[in-house]
């Protein structure tokens, strides 16, 4: 095995470990977020339905609240997309450090 | 040792190429802006303060509402003119749109109906508050690269 092979293997191994950690965390958080969203939405819809039945909300107000929940879902998705993009950016920065560190460790 | 001497310059060139490539392709989201963060926090406070008064006649708060709408439109314009900031721009677009059901739609309703019922206001306040939290969270995430605790979930 040449020094360069050793360098390449070290970088790939480190990158794989890094990617696995980032991905595992993202999947876990995405699942928790989705569950929380559904739970919170159900609570709100139940409360709004009670207020509608009691005459405290008009049909139009009820419909607006339901649509606002849909708008929040859209904002939530945009935030999650931003978090993913930001993590990807950090991942690439870390990977760059790994490449440099391994180059010095293995080759110099 | 011979291999090391032979491959060292190549490895450094390779590392440099990867660094340059990573820097170019990592440009998928703009950097954290303390000014944008601060502005969004101020707008959240102003919006919620105005909404609490929306059970009063719109005419009494027209100037205040129009000034706030202008500030929110300005936040949208700043976001839209910032490179690689499409996600935040879309968030402000939803927030200010009078045909949607967050700040823009709420003010449109207030203007059209003259006043907002207390029950509807009380239910919409946390919705709009949460919407601002998502915008704030996204800005924070640019810095931390992680989950934003303050934003929670809708």
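Chains as they are written, first to last, in my numbering: chain A, -2 to 105; chain B, 140 to 293. The beta-carbon is built from N, C-alpha and C at its ideal position, and this holds for glycine as well.
What's the gap between the Cα of residue 209/B and the Cα of residue 21/A?
Sequence index remark: in the second chain, residue 209/B carries index 70 (1-based). Sequence index remark: in the first chain, residue 21/A carries index 24 (1-based). Approximately 42 Å between the Cα atoms of the pair.
Closest residue to residue 64/A among 273/B, 168/B, 242/B and 277/B (Cα-Cα distance)
Walking along the first chain from the start, residue 64/A turns up at place 67. Ranking the options by Cα distance to residue 64/A, first place goes to 242/B.
Beta carbons nearer than 7 Å to chain B: which residues of the stretch 48 to 82 of chain A have them?
48, 53, 54, 58, 61, 62, 64, 65, 66, 68, 69, 70, 71, 72, 73, 75, 76, 78, 79, 80 and 82
Helix, strand or coil for residue 49/A per DSSP?
The sequence position of residue 49/A within the first chain is 52, counting from 1. The answer is helix: DSSP assigns residue 49/A an H, G or I state.
Can you name the residues of chain A whose CB is closer than 7 Å to the CB of residue 182/B?
The sequence position of residue 182/B within the second chain is 43, counting from 1. The contacting residues do not exist; residue 182/B stays about 14 Å from chain A at best.
Sufficient close CB pairs (3 or more, under 8 Å) joining the stretch 198 to 208 of chain B to the stretch 240 to 260 of chain B:
yes
Relative to the alpha-carbon of residue 240/B, which residue among 80/A, 72/A and 90/A has its alpha-carbon at the smallest distance?
Translated into positions along the second chain, residue 240/B becomes position 101. Checked all of 80/A, 72/A and 90/A; the closest Cα to residue 240/B is 72/A.
CA-CA distance, residue 161/B and residue 169/B?
Mapped onto the second chain, residue 161/B falls at position 22. Mapped onto the second chain, residue 169/B falls at position 30. Its pLDDT being 47, under 50, residue 161/B is placed unreliably by the model, and nothing is read from it.
Name, please, each residue of chain A whose Cβ falls closer than 9 Å to the Cβ of residue 266/B.
Taking the first residue of the second chain as 1, we reach residue 266/B at position 127. In chain order: 41, 62, 65, 66, 68 and 69.
Excluding the 5 residues preceding and the 5 following residue 77/A in the sequence, name in chain order all residues of the same chain whose CB lies nearer than 8 Å to its CB.
As a working mapping, residue 77/A is identified with position 80 in the first chain. Excluding residues within five positions, the ones whose Cβ falls inside 8 Å are 27 and 30.
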